[in-house]
Amino acid sequence: MKTKTGLSEKKQNSIEGSEANFCQTMAIRVDVDDMIVRLLNVGVPGCALVNNVKEAELMVLCQSARQVFLNQSSLLEVQSPIKICGDIHGQYADVLRLFDRGGFPPMVNYLFLGDYVDRGHQNLECISLFFCYKIKYPGNFFILRGNHECAPINRVYGFFEECNRRYNSTRLWLGFQEAFAAMPFTGLVAGKILCMHGGLSPKLKSLDQLRQITRPIDPPNPSLHIDLLWSDPDHYVKNVRTKGTDYFLSFLKLNPSKVFFGIYAVSLVRMSLPGCHLPLAQRVRIHRASLPTHFSTGPKRYAAPKMEGKHCCMGWQSNTRGVSYVFGQDVVNETLPMLDIDLIARAHQVVQDGYEFFANKRLVTIFSAPHYCGQFDNAAAMMNVDEGLVCSFQIMRPTIKANKVVARSS
């Protein structure tokens, strides 16, 4: 017999019975520094997560992270320099590669755009490490909520199963849901780069709406919250979504915006040892000496480029995901001046090169899980935003061995 929560009556009774021990659990104090070390050592023989981190510690971690989230705004207003990363999806070995390439907190500021759990093999390691960094460095490490940080989604796509398989605990899964419900939805870098997991919303008219989102919350459907987590730029807009070096070169010559783009082409070699996450890299950077030092303002700056083809999306249309919308480049062109921003950075979709532009470089999709689900040959990307709002990308190519490390660490 099922209860209202969708769990069996036996499991529900088990959860209720365990609540008597919850106060004792919360009395435990977690040494975050020590837990970070233990999490970074996962994969070393004898250092599996379940052998080194107790369920009670993870429960306290969730409550501590929840409080940190609630102490900060629903719109995280952060300054550059900062690195912006997209979906992770439980690919823990690749998280370590990202930090190794970009720098570990707090030496570098990070903003992650959501989807830390589901589909990968090490969801608990990923989200636990991120919670530790958030608690330890609340002013340097920022994480937004993704659509997979919602109970109806991660109940189905792997996180619930992992909590039960590894810790035999539904209560642990519920503890993480309490923390997820308090996570912020959006970030604003230097007042000019608006960040979210999914995309725009027809309900979004001002940044104050984002600041006033109340938490904790289970996002209702339809709502502004759902759109921020689920919406997508339209895939069928022609002459807009272009990738590659030629695109960057033409952009550097022609675009008079405050936010500029360069590119790091990073080729990562295979790791020599199964437990090692210290890849060698060789980077090539496009010369940016000719970048303009100013940007123009006024209506012409946001003039919509001509759109060709009868399949181009204008405005808002139903999303094939079955929730929220897809939006055209005209929506992006109208939103930027309305919010007084220069760029939208979002995640939510796999893109082959780890990053992909939309609407004449006014929106960028960032995806940070290479070799996604072991089925795609996509690269991962981080967007580096320097103090002058010059944006560049570090690319991590997929490596077979890195993904094998994930599979062997349980």
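Mapping of the sequence shown onto the working numbering: position 238 corresponds to residue 240, and the numbering continues sequentially without gaps.
All C-beta atoms, glycine included, are put in the ideal place defined by N, C-alpha and C.
Pop quiz: Met83 and Glu389 are said to be a contact at Cβ under 8 Å. What is the actual Cβ separation, rounded to whole angstroms?
Correcting the residue identity first, residue 83 is Pro in this sequence and not Met. Indeed, because the Cβ distance is near 5 Å, the residues count as touching under 8 Å.
Report yes if the C-beta of Ile155 is less than 7 Å from at least one heavy atom of the ligand SAM; otherwise report no.
The model on display carries no ligand, and the ligand SAM is accordingly not part of it.
So, is Val46 buried or exposed, given that buried needs 16 or more other C-beta atoms within 10 angstroms?
exposed
Return the CA-CA distance between Asn380 and Gly148, expressed in angstroms with no decimal places.
20 Å
Leu78 beta carbon less than 8 Å from that of Leu190
yes
Classify Arg399: buried if its beta carbon has 16 or more other beta carbons within 10 angstroms, exposed otherwise.
buried
Which runs of the alpha helix (DSSP H), 4 residues or longer, sit entirely within the region 165-227?
172-182, 209-213
Under 7 Å Cβ to Cβ from Gln81, same chain only, skipping five residues before and after it: list those, please.
Ala192
Across which residues does DSSP place Pro235 in a beta bridge pair?
Phe329
Given a cut-off of 8 Å on the beta-carbon distance, is the pair Leu174 and Met61 in contact?
yes
Whole angstroms is fine: what's the gap from Tyr169's alpha carbon to Ile397's?
35 Å
Assuming Ile195 and Ala383 form a contact by the criterion Cβ under 8 Å, report the distance between their Cβ atoms to the nearest whole angstrom.
That pair is no contact at about 15 Å.
How many Å lie between Ser171 and Ser326 at the Cα?
32 Å
Counting along the chain, where does the alpha helix (DSSP H) carrying Tyr159 start and finish?
It is not in any alpha helix (DSSP H) - Tyr159 carries neither H nor E in the DSSP assignment.
For Tyr118, which three-state DSSP category applies?
coil
Looking at C-alpha atoms only, which residue of Ser203, Ser233, Thr216 is the closest neighbour of Leu226?
Ser203
Count the other C-beta atoms from every protein chain shown that fall within 10 angstroms of the C-beta of Asp220, then say buried if there are 16 or more, exposed otherwise.
exposed
Buried or exposed for Gly105, please, with buried defined as at least 16 other CB atoms from any protein chain shown within 10 angstroms of its CB.
exposed
Grouping DSSP H, G and I as helix and E and B as strand, with all else coil, what is Asp35?
helix
Roughly how many angstroms separate the alpha carbons of Asn335 and Glu164, rounded to a whole number?
42 Å
Could you tell me how far apart the beta carbons of Cys134 and Ile38 are, in whole angstroms, since I believe they sit closer than 8 Å?
5 Å
Taking the DSSP output, what are the residues bridged to Glu358?
Thr367
Please name the residue in Ile137, Ala349, Gly141 whose C-alpha comes closest to that of Pro235.
Ala349
Mapping DSSP to helix, strand and coil, what is Val110?
coil
Give me the residue from Ala371, Pro339, Asn54, Asp35 with the minimum Cα distance to Val353.
Ala371
What's the C-alpha gap between Ser66 and Cys197?
24 Å
With a CB to CB cut of under 6 Å and the five nearest residues on each side skipped, what residues in its chain are close to Asn54?
Arg40
Distance, Arg364 Cα to Ile343 Cα
10 Å
Restricting to Cα atoms, I'd like to know which of Asp35, Gly201, Asn156, Asp89 is closest to Glu179.
Per the sequence presented here, residue 179 reads as Gln, with Glu not at that position. Among Asp35, Gly201, Asn156, Asp89, the Cα nearest to that of Gln179 is on Asn156.
Look up Val97 in the DSSP assignment and say whether it is helix, strand or coil.
helix
Alpha-carbon to alpha-carbon, Ser76 and Leu215:
The residue you asked about is not Leu; residue 215 is Ile in the sequence shown. Whole-angstrom Cα-Cα distance: 6 Å.
Whose C-beta lies closer than 8 Å to the C-beta of Arg217 among residues of the same chain, with five residues either side of it excluded?
Phe71, Leu72, Ser76, Ala183, Ala184, Met185, Pro186
Beta carbon of Arg121, beta carbon of Gly141: below 8 Å?
no
If you check the beta carbons only, do Gly88 and Phe395 fall under 8 Å apart?
no
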